[in-house]
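Colleague: Its first residue numbered 28, the sequence shown is counted upward by one per residue in the numbering used here.
For every residue, glycine included, the Cβ atom is placed at its ideal position computed from N, Cα and C.
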Amino acid sequence: MGLLEKYGWNTFFEEQYIKLNSELQPARIIAQYSNLYRLITREGEMIGENSGKIEFNAQLQKDLPVVGDWVLVDIFKDDSKAIVHEVLPRKTVISRQKVGKRIEEQTIAANTEIVFIVSALDNDFNLRRIERYLTIVHRTEMMPVLIFNKTDLKKSYKKMRSEVDRIAGKTKQIYISVKKKSGFEELTPLLKKGKTICFIGSSGVGKSSIINFLMGTEVIKTAEVREKDHKGRHVTSSRQMYLLPSGAIVIDTPGMRELGVWAEEDDLKDTFEDIKKIEERCKFHNCSHTGEPGCAIQNAIANNDLSESRYNSYLKLKKELAYIRMKEEGTGNTKKRWKDRSKEIKKWRKEHRKR
Ligand SMILES: Nc1nc2c(ncn2[C@@H]2O[C@H](COP(=O)(O)OP(=O)(O)O)[C@@H](O)[C@H]2O)c(=O)[nH]1
Ligand SMILES: [Mg+2]
Ligand SMILES: [Zn+2]
Numbered sequence: 028m029g030l031l032e033k034y035g036w037n038t039f040f041e042e043q044y045i046k047l048n049s050e051l052q053p054a055r056i057i058a059q060y061s062n063l064y065r066l067i068t069r070e071g072e073m074i075g076e077n078s079g080k081i082e083f084n085a086q087l088q089k090d091l092p093v094v095g096d097w098v099l100v101d102i103f104k105d106d107s108k109a110i111v112h113e114v115l116p117r118k119t120v121i122s123r124q125k126v127g128k129r130i131e132e133q134t135i136a137a138n139t140e141i142v143f144i145v146s147a148l149d150n151d152f153n154l155r156r157i158e159r160y161l162t163i164v165h166r167t168e169m170m171p172v173l174i175f176n177k178t179d180l181k182k183s184y185k186k187m188r189s190e191v192d193r194i195a196g197k198t199k200q201i202y203i204s205v206k207k208k209s210g211f212e213e214l215t216p217l218l219k220k221g222k223t224i225c226f227i228g229s230s231g232v233g234k235s236s237i238i239n240f241l242m243g244t245e246v247i248k249t250a251e252v253r254e255k256d257h258k259g260r261h262v263t264s265s266r267q268m269y270l271l272p273s274g275a276i277v278i279d280t281p282g283m284r285e286l287g288v289w290a291e292e293d294d295l296k297d298t299f300e301d302i303k304k305i306e307e308r309c310k311f312h313n314c315s316h317t318g319e320p321g322c323a324i325q326n327a328i329a330n331n332d333l334s335e336s337r338y339n340s341y342l343k344l345k346k347e348l349a350y351i352r353m354k355e356e357g358t359g360n361t362k363k364r365w366k367d368r369s370k371e372i373k374k375w376r377k378e379h380r381k382r
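Okay, here's the thing in structure tokens:
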């Protein structure tokens, strides 16, 4: 098996590549730094950077390569360096909403099959946040799995588990403790050779600890490749891919303090399947659930079949997503974007001349 195949290269990407009839070589982005990448080529691991053209043509962050992407590169053998010229079409991509005022999609990782949404059974445990994570995964073709770490902190997590049961729908739940090395018999069957799994979740829930445990060594603390940034300080990549002994490929991502959901209203139907079902039973087809007679939602809340906080969470997300859509459709936005983008390109060029 070649190196690329080990890192998930398959017929889907092979076909895209053949169609392009390119002289460039395929490579996978395995780590991202501010201006550089680490990538796997047929000839081994290399440092890579974007060509000026790819930077110039990218109008938005989502047009640029991200961890997990398959790209086409030109290799300079002497210094094991590669120039990224093109991104192959993505099979899947997981995105969030960019932090900041501007409404923009921010890609987290590309070409992954499964997403582990990691939470911890500590004071930070939050059902509403889990609903947000589920929504960004439901938007994609990927399979979400809910991982609950730090079971060792609770004498019993029965109550938490029953709360999760009420929001998880069909999504698989796995309860583990890295500290006690327990619960992994449920998780390991998912770590299939050649399949890519992305870990997401708040900072501190144990994503990196789980990956270290699965790797069998402390890769994340000890093997972080450091790149000098232009100020001479050391920076470490926060998005990085690891090849597990099982042959599965995992992507560690930095914790997100606040998750901006990037989705469409329609994506909520998977996260809130229960609410959608209840709504169908309202007497009036266009019921607003705010006091109409025969309202199934209000009835369900009164009977405690539906928790009010879950319903409010649904309404809040719906509002947020409607806002994103409105902003996206707003004219003038694209022009402004283009202006911001050319500023970024100028900055990028300046930095590159320095090096
Ligand atoms: N009690 C307990 N602590 C854990 C467990 N797994 C990880 N931790 C601790 O949680 C903290 C955050 O872990 P880390 O892997 O850095 O989280 P990340 O930010 O999601 O990558 C560290 O201090 C870990 O030692 C566990 O199963 N039980
Ligand atoms: Mg981490
Ligand atoms: Zn109703």
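Opposite ASN176 in the DSSP bridges: which residues?
Modeller: The residue you call residue 176 lines up with position 149 of the sequence shown. Answer is ALA147, bridged to ASN176.
Colleague: Which residue comes first and which comes last in the beta strand (DSSP E) that contains THR134?
Modeller: Looking up residue 134 in the sequence shown gives position 107. Element bounds for THR134: 132–137.
Colleague: Looking at ligand 2, does it come within less than 7 angstroms of LYS177, judged from the CB to the closest heavy atom?
Modeller: To locate residue 177, count along the sequence shown from 1; it is residue 150. For ligand 2, not one heavy atom lies less than 7 angstroms from the Cβ of LYS177.
Colleague: So, helix, strand or coil for TYR64, using DSSP?
Modeller: As a first step, residue 64 is located in the sequence shown; it is residue number 37 there, counting from the start. Reduced to three states, the DSSP call for TYR64 is strand.
Colleague: Who are the near neighbours of HIS165 in its chain, counting only those whose CB is closer than 6 angstroms to its CB and skipping five residues on each side?
Modeller: To locate residue 165, count along the sequence shown from 1; it is residue 138. ASP294, ASP297 and THR298.
Colleague: Does at least one heavy atom of ligand 2 sit under 7 angstroms from the Cβ of ASP279?
Modeller: Taking the first residue of the sequence shown as position 1, residue 279 is located at position 252. At least one heavy atom of ligand 2 is nearer than 7 angstroms to the Cβ of ASP279, so yes.
Colleague: DSSP three-state call for ASP332: helix, strand or coil?
Modeller: Here residue 332 corresponds to residue number 305 of the sequence shown, with the count starting at 1. In the structure shown, ASP332 sits in coil (DSSP, three-state: anything other than H, G, I, E or B).
Colleague: Output needed for SER235: all residues of its chain with C-beta closer than 7 angstroms, excluding positions within five of it in sequence on either side, in chain order.
Modeller: Against the sequence shown, residue 235 aligns to sequence position 208. Closer than 7 angstroms at Cβ, skipping near neighbours: ILE247 and ASP279.
Colleague: When you compare only the Cα positions, how much space is there between ARG337 and PHE226?
Modeller: Numbered from 1 along the sequence shown, position 310 holds the residue referred to as residue 337. Numbered from 1 along the sequence shown, position 199 holds the residue referred to as residue 226. Computed Cα separation, rounded: 24 angstroms.
Colleague: Would the segment 74–82 and the segment 120–140 be scored as touching if the rule is three or more Cβ pairs under 8 angstroms?
Modeller: no
Colleague: Nearest CA to the CA of GLY95: which residue from SER107, VAL142 and ALA85?
Modeller: One-based indexing of the sequence shown puts residue 95 at position 68. Nearest C-alpha to GLY95: VAL142.
Colleague: Does the count of Cβ pairs from the segment 32–40 and the segment 216–225 closer than 8 angstroms reach three?
Modeller: Enough Cβ pairs lie closer than 8 angstroms, so yes.
Colleague: So, do the segment 159–178 and the segment 302–309 have three or more beta carbon pairs nearer to each other than 8 angstroms?
Modeller: no
Colleague: Looking at PHE40 and PRO53, is the spacing between their C-beta atoms short of 8 angstroms?
Modeller: Looking up residue 53 in the sequence shown gives position 26. Looking up residue 40 in the sequence shown gives position 13. Contact flag set, yes.
Colleague: Residues around ligand 3, please: the condition is that the C-beta lies closer than 5 angstroms to some non-hydrogen atom of it.
Modeller: CYS309, CYS314, HIS316, CYS322 and ILE324
Colleague: Can you tell me the Cα-Cα spacing of ILE324 and CYS314, whole angstroms?
Modeller: As a first step, residue 324 is located in the sequence shown; it is residue number 297 there, counting from the start. As a first step, residue 314 is located in the sequence shown; it is residue number 287 there, counting from the start. If I take the Cα positions, the gap works out to 9 angstroms.
Colleague: Return the Cβ separation of ILE57 and ARG69 in integer angstroms, given the expectation that the two are a contact with Cβ distance under 8 angstroms.
Modeller: Position 30 of the sequence shown, counted from the first residue, corresponds to residue 57. Position 42 of the sequence shown, counted from the first residue, corresponds to residue 69. ILE57 to ARG69, Cβ: 14 angstroms. No contact.
Colleague: Should LYS234 be counted as a contact of ligand 2 given a C-beta to heavy atom distance under 7 angstroms?
Modeller: Position 207 of the sequence shown, counted from the first residue, corresponds to residue 234. Yes, since a heavy atom of ligand 2 falls inside the 7 angstroms radius drawn around the Cβ of LYS234.
Colleague: Work out the CA separation of ILE238 and LYS182 for me, nearest whole Å.
Modeller: The residue labelled residue 182 in the question sits at position 155 within the sequence shown. The residue labelled residue 238 in the question sits at position 211 within the sequence shown. Taking the straight line joining both Cα atoms gives about 25 angstroms.
Colleague: LEU51 to ALA137, Cα distance in whole Å?
Modeller: Locating residue 51 in the sequence shown gives position 24, counting from the first residue. Locating residue 137 in the sequence shown gives position 110, counting from the first residue. Each residue's alpha carbon lies about 20 angstroms from the other.
Colleague: Which same chain residues, not among the five before or five after GLN88, have their C-beta less than 8 angstroms away from its C-beta?
Modeller: Position 61 of the sequence shown, counted from the first residue, corresponds to residue 88. Here the set comprises LYS125, GLU131, GLU132, GLN133 and THR134.
Colleague: Go ahead and pull the three-state DSSP assignment for ASP106.
Modeller: Taking the sequence shown and counting its residues from 1, one reaches residue 106 at position 79. In this structure, ASP106 counts as helix in the three-state DSSP scheme.
Colleague: Could you tell me which residues DSSP pairs with TRP97 in its beta bridges?
Modeller: In the sequence shown, counting from the first residue as 1, residue 97 sits at position 70. In the DSSP output, where bridge partners are listed per residue, TRP97 has ARG55.
Colleague: Let's see if you can read the secondary structure: which residues bound the beta strand (DSSP E) around PHE226?
Modeller: On the sequence shown, position 199 is the one that residue 226 refers to. Segment 223–227, the beta strand (DSSP E) holding PHE226.
Colleague: Nearest to GLY127 by alpha carbon, out of HIS312, GLN200 and LEU286?
Modeller: As a first step, residue 127 must be located in the sequence shown, where it is residue number 100. That would be LEU286, whose Cα lies nearest to the Cα of GLY127.
Colleague: Where do the ends of the beta strand (DSSP E) carrying GLU76 lie?
Modeller: In the sequence shown, counting from the first residue as 1, residue 76 sits at position 49. Unbroken beta strand (DSSP E) run through GLU76: 71–77.
Colleague: Taking SER107 as the reference, which of ARG117, ILE74, LEU91 and THR139 has the closest Cα?
Modeller: Locating residue 107 in the sequence shown gives position 80, where the first residue counts as 1. Checking every option, the nearest Cα to that of SER107 belongs to ILE74.
Colleague: Please determine, among LEU271, LEU217, LYS206 and GLY233, the residue with the shortest C-alpha to C-alpha distance to MET242.
Modeller: Counting from 1 along the sequence shown, the entry for residue 242 is found at position 215. Closest by alpha carbon: LEU271.
Colleague: Less than 7 angstroms between the CB of VAL205 and some heavy atom of ligand 1, yes or no?
Modeller: Position 178 of the sequence shown, counted from the first residue, corresponds to residue 205. VAL205 Cβ: within cutoff of ligand 1.
Colleague: What are the start and end residues of the alpha helix (DSSP H) that includes ARG188?
Modeller: The residue given as residue 188 occupies position 161 in the sequence shown. Looking at the DSSP string, the run of the alpha helix (DSSP H) that includes ARG188 is 185–195.
Colleague: Any heavy atom of ligand 1 closer than 7 angstroms to the beta-carbon of GLY243?
Modeller: Numbered from its first residue, the sequence shown carries residue 243 at position 216. Checking the Cβ of GLY243 against ligand 1 gives no.
Colleague: Could you tell me whether any non-hydrogen atom of ligand 1 is closer than 7 angstroms to the CB of GLY282?
Modeller: Here residue 282 corresponds to residue number 255 of the sequence shown, with the count starting at 1. Yes; taking the cut-off as 7 angstroms, the Cβ of GLY282 has a heavy atom of ligand 1 nearer than that.
Colleague: Contact defined as beta carbons within less than 8 angstroms: I believe SER355 pairs with VAL288. What is the distance between those atoms, to the nearest angstrom?
Modeller: Walking along the sequence shown from the start, residue 355 turns up at place 328. Walking along the sequence shown from the start, residue 288 turns up at place 261. It should be noted that the sequence gives Glu, not Ser, for residue 355. Actually they do not touch by this definition, with Cβ atoms about 14 angstroms apart.
Colleague: Please indicate yes or no: does the CB of SER78 lie closer than 7 angstroms to some heavy atom of ligand 1?
Modeller: The count along the sequence shown starts at 1 and reaches residue 78 at position 51. SER78 Cβ: outside cutoff for every heavy atom of ligand 1.
Colleague: For a test of your reading of the model: does the CB of SER230 fall under 7 angstroms from any non-hydrogen atom of ligand 1? Yes or no.
Modeller: Locating residue 230 in the sequence shown gives position 203, counting from the first residue. SER230: yes, Cβ under 7 angstroms from ligand 1.
Colleague: Can you name, in chain order, every residue of its own chain whose Cβ lies under 8 angstroms from the Cβ of SER49, other than the five neighbours on each side?
Modeller: Along the sequence shown, one-based indexing puts residue 49 at 22. Once the five neighbours on either side are set aside, the close Cβ partners of SER49 are LEU99 and GLU113.
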